[in-house]
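**Student:** The sequence shown begins at 15 in my numbering and counts up one residue at a time.
Don't be surprised by glycine CBs; every beta carbon is placed ideally from N, CA and C.
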Amino acid sequence: MLILVVRALPDVPPSAMIKLLDRYARHLGDQDGRLVLCGIQPSLSHLLQRSGTADRLGDGGIVPAAPELLGGLEEAWVAARVDVSTAPP
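#1: Does R95 pass the burial test, meaning 16 or more other C-beta atoms within 10 Å, or should it be called exposed?
#2: By the 10 Å Cβ neighbour count, where 16 or more other Cβ atoms means buried, how is L40 classified, buried or exposed?
#3: So, helix, strand or coil for V19, using DSSP?
#4: Please classify V77 as buried or exposed, where buried requires at least 16 neighbouring CB atoms within 10 angstroms.
#5: Kindly indicate the opening and closing residues of the beta strand (DSSP E) around P78.
#6: Would you kindly work out how many angstroms separate the C-alpha atoms of T67 and P81, rounded to a whole number?
#7: With distances taken from CA atoms, which of L83, L87, L61 is nearest D36?
#8: Answer with buried or exposed for V1, where buried requires no fewer than 16 other C-beta atoms within 10 angstroms of its C-beta.
#9: So is A93 buried or exposed if we call it buried at 16+ other beta carbons inside 10 Å?
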């Protein structure tokens, strides 16, 4: 599992960035891995939903931004640990 903190991305990234994130999520999924995006602003979350990337990321794959720096990272880390502990051997 890869947790990517994207808080510093532009408010509305170009479609190339959405495609890159989708492609990377697909690649990790093909390897039995998972991409979690952390620190997501509402506008980016909306774009990820519209593009279908949010579906590829799955439940917990988008962690909203929190007021404190890296605040959503704790939530993403907890979700990642749950995913790993419930994964089949």
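**Tutor:** Taking the geometry as given:
#1: Exposed, because fewer than 16 other Cβ atoms sit within 10 Å of the Cβ of R95.
#2: Reading the sequence as shown, one finds Arg at residue 40 and not Leu. Classification for R40: exposed.
#3: Shown here, V19 sits in a strand according to DSSP, grouped into three states.
#4: Classified as buried, V77 has 16 or more neighbouring CB atoms from the shown chains inside 10 Å of its CB.
#5: In this chain, the beta strand (DSSP E) harbouring P78 covers 76-78.
#6: Computed Cα separation, rounded: 24 Å.
#7: Ranking L83, L87, L61 by Cα distance to D36 puts L61 first.
#8: In the structure as shown, the chain begins at 15 and stops at 103. Residue 1 is therefore absent and cannot be evaluated.
#9: With 16 or more other Cβ atoms within 10 Å, it is buried.
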